[in-house]
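Trainee: For the sequence shown, the residue numbers in my numbering are 1068 to 1400. The structure under discussion is supplied below as structure tokens; questions concerning it will follow.
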Amino acid sequence: LKLEKKAKGKPQKQICQVVLDHFEKQYTAELGDAWSSVRDVLTSPWCWQHAVLLNRFSPSPGLESSLAEQGYRLAFAAALPYLPAAFRCYSRTAPGRFPAQKHQPGRLKEYYLLNAASLLPVLALEVKDGERVLDLCAAPGGKSVAILQCACPGYFHCNEYDDLRSRWLEQTIESFIPDPVINLITVSKLDGRQVGDLQPEFYDKVLVDAPCSNDRSWLFSADPQQAVLRLMQRKELSSLQFQLLRSAVEALRPGGSLVYSTCTLSRAENSDVINLILSSCRNVVPVDISGMARGVSQEFTFLSGMQQHELLVLPEKGRAWGPMYVAKLKKVS
Ligand code: SAM
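Quick look at the structure:
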């Protein structure tokens, strides 16, 4: 299936039919009528939007007026009054992308481009100054950077298992975080499943932004054989996600909380994994995030019928954010 060429000179993205067929079956069953409008957005890259998260450590005169001239407006701030004034994220309903900034050694970047729904796990985590924070699956580092726009942890551990992606994570941190804040950050290359045993009951907050079937990018897999393989191995992801979550629970101090997130619509990797943790760890309880969801409901479309401790962002035309699943849990003892 070939897509129309929408942008001159840009290579054409092609939908991978085998992935689309697989999603069609699964998501029609899981999402019902909502799937067809989600599918329309996911298969139309020219409708995709990007938000611009400003770097509070590198303020740029003129950037905000230039964003305003291009139709961007401040998101989140009015809806979530507990956010610090320095947290500034701009979005607009029109598709397109603000120019990305190149990495230049020794120079801080002024902003990070992202899917606005990626901020929801960070906002749900509610990191406070001085807390010990673990970002268990951190590369390329978008959420680590976003956490540091919200607060200044006392200790911030960013972990990434994959070697190459770990270097990417280090580069992101260097590009956005100056001295002396950077000294609060430890980057490691551990298997996230082992961190709980290595640092039990140590953290106030843990983010598990888990490896998952990335619906948006899988739909455009360039290699159909690899796509088929991935679809066949999809079930194994739920077990990895469960083990990462169990490790995160171990790493939390009693009273600490964790946020689990994925960028897939798949129930097997979302609610099912959370329900399994809730039924197998007696010291873990769900945390209500429906207030936050209500606060940002102008910006996002959520799947209805979710429980209070979880949300699922459905991409829609004009608010083409997500897919993003977020759930919050607390360790009570
Ligand atoms: N949080 C990142 C961000 O916002 O930029 C995105 C994280 S991505 C969804 C998931 C990451 O988990 C990938 O970079 C992947 O390499 C990493 N990963 C996969 N298996 C892992 C494991 N066992 N332990 C830790 N990280 C793992």
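Idealized CB from N, CA, C, for every residue including glycine.
#1: Could you have a look at Ser-1125 and say whether DSSP puts it in helix, strand or coil?
#2: Which class does Gln-1116 belong to by DSSP, given the choice of helix, strand or coil?
#3: Please list the terminal residues of the continuous beta strand (DSSP E) segment that includes Tyr-1270.
#4: So, for Pro-1267: in the same chain, excluding its five sequence neighbours on each side, which residues have a beta-carbon less than 7 Å away from its beta-carbon?
#5: Anyone know if the C-beta pair for Ala-1335 and Leu-1311 falls short of 7 Å?
#6: Quick one: grab the DSSP three-state call for Ala-1096.
#7: Under 6 Å from any heavy atom of ligand 1, does the C-beta of Asp-1264 make it?
#8: Where in the stretch 1238 to 1302 do unbroken runs of the beta strand (DSSP E), each at least 3 residues long, occur, reported from the N-terminal end onward?
#9: Can you tell me where the beta strand (DSSP E) holding Pro-1353 begins and where it ends?
#10: According to DSSP, is His-1376 part of a helix, a strand, or is it coil?
#11: Would DSSP call Glu-1193 helix, strand or coil?
#12: Leaving out the 5 sequence neighbours to the left and right, which residues in its chain are closer than 7 Å to His-1170 when beta-carbon positions are compared?
#13: For the beta strand (DSSP E) that Ser-1346 lies in, which residues bound it at each end?
#14: With contact counted as at least three CB pairs below 8 Å, one residue from each stretch, are the stretch 1379 to 1399 and the stretch 1166 to 1186 in contact?
#15: Please identify the residue among Pro-1245, Ala-1144, Asp-1100 whose C-alpha is closest to the C-alpha of Pro-1172.
#16: For the stretch 1078 to 1089 against the stretch 1353 to 1360, do three or more pairs of beta-carbon atoms, one drawn from each stretch, fall closer than 8 Å, so that the two count as touching?
#17: In terms of alpha-carbon separation, which member of Ser-1364, Gly-1322, Phe-1367, Glu-1383 lies closest to Lys-1395?
#18: Are the CB atoms of Cys-1225 and Asp-1202 within a distance shorter than 7 Å?
#19: With a threshold of 16 other CB atoms inside 10 Å of the CB of Ala-1153, please say whether the residue is buried or exposed.
#20: Given that a residue counts as buried once 16 or more other Cβ atoms are within 10 Å of its Cβ, and exposed if not, what is Thr-1160?
#21: Please confirm if the stretch 1094 to 1113 is in contact with the stretch 1139 to 1154, defined as three or more CB-CB distances below 8 Å between the two stretches.
#22: If you draw a straight line from the alpha carbon of Thr-1368 to that of Gln-1079, how long is it in whole angstroms?
#23: Would you say Lys-1210 touches ligand 1, meaning its beta carbon is less than 6 Å from a heavy atom?
#24: CB Ala-1145 to CB Ser-1158, shorter than 7 Å?
#25: Quick check: what's the CA-CA separation for Cys-1219 versus Ser-1324?
Mentor: Let me lay it out:
#1: The residue you call residue 1125 lines up with position 58 of the sequence shown. If DSSP states are grouped into helix, strand and coil, Ser-1125 belongs with coil.
#2: Sequence index remark: in the sequence shown, residue 1116 carries index 49 (1-based). In the structure shown, Gln-1116 falls within a strand segment according to DSSP collapsed to helix, strand and coil.
#3: Translated into positions along the sequence shown, residue 1270 becomes position 203. Start and end: 1270 to 1276.
#4: Taking the sequence shown and counting its residues from 1, the one referred to as residue 1267 is at position 200. Same-chain partners within the cutoff: Glu-1317, Ala-1318.
#5: Locating residue 1335 in the sequence shown gives position 268, where the first residue counts as 1. Locating residue 1311 in the sequence shown gives position 244, where the first residue counts as 1. Their beta carbons are not under 7 Å apart, which means Ala-1335 does not touch Leu-1311 by this criterion.
#6: Here residue 1096 refers to the residue found at position 29 when the sequence shown is read from its first residue. In the displayed model, Ala-1096 falls within a helix according to three-state DSSP.
#7: One-based indexing of the sequence shown puts residue 1264 at position 197. Every heavy atom of ligand 1 is 6 Å or more from the Cβ of Asp-1264, so no.
#8: 1252 to 1255, 1270 to 1276, all fully within the stretch 1238 to 1302.
#9: Within the sequence shown, numbered from 1, the residue matching residue 1353 stands at position 286. Note, Pro-1353: beta strand (DSSP E), 1351 to 1353.
#10: For the purposes of this step, residue 1376 is identified with residue 309 of the sequence shown, where counting begins at 1. Here His-1376 sits in coil by DSSP.
#11: Residue numbering aside, residue 1193 sits at position 126 when the sequence shown is read from its first letter. Three-state DSSP puts Glu-1193 in coil, outside helix and strand.
#12: For the purposes of this step, residue 1170 is taken as the residue at position 103 of the sequence shown. Excluding sequence neighbours, His-1170 sits near Gln-1238, Ser-1242.
#13: Mapped onto the sequence shown, residue 1346 falls at position 279. Careful: Ser-1346 lies outside any beta strand (DSSP E), inside the alpha helix (DSSP H) at 1338 to 1347.
#14: Yes, since at least three Cβ pairs between the stretch 1379 to 1399 and the stretch 1166 to 1186 fall closer than 8 Å, the two stretches touch.
#15: For the purposes of this step, residue 1172 is taken as the residue at position 105 of the sequence shown. Answer by Cα proximity: Pro-1245.
#16: Too few Cβ pairs lie closer than 8 Å, so no.
#17: Counting from one through the sequence shown, the residue named residue 1395 turns up at place 328. Among Ser-1364, Gly-1322, Phe-1367, Glu-1383, the Cα nearest to that of Lys-1395 is on Gly-1322.
#18: Taking the first residue of the sequence shown as position 1, residue 1202 is located at position 135. Taking the first residue of the sequence shown as position 1, residue 1225 is located at position 158. Against a cut-off of 7 Å, the Cβ pair of Cys-1225 and Asp-1202 comes out as a contact.
#19: Within the sequence shown, residue 1153 is the residue found at index 86, counting from 1. So Ala-1153 ends up on the exposed side.
#20: Here residue 1160 corresponds to residue number 93 of the sequence shown, with the count starting at 1. That one is exposed.
#21: Segments in contact, no.
#22: Reading the sequence shown from its first residue, position 301 is the one you call residue 1368. Reading the sequence shown from its first residue, position 12 is the one you call residue 1079. Looking at the two C-alpha atoms, the distance is approximately 28 Å.
#23: Your numbering for residue 1210 matches position 143 in the sequence shown. Relative to ligand 1, the nearest heavy atom lies less than 6 Å away from the CB of Lys-1210.
#24: Your numbering for residue 1145 matches position 78 in the sequence shown. Your numbering for residue 1158 matches position 91 in the sequence shown. Cβ distance not < 7 Å, so Ala-1145 and Ser-1158 don't count as in contact.
#25: Here residue 1219 refers to the residue found at position 152 of the sequence shown. Here residue 1324 refers to the residue found at position 257 of the sequence shown. Using only the alpha carbons, I get a separation of about 17 Å.
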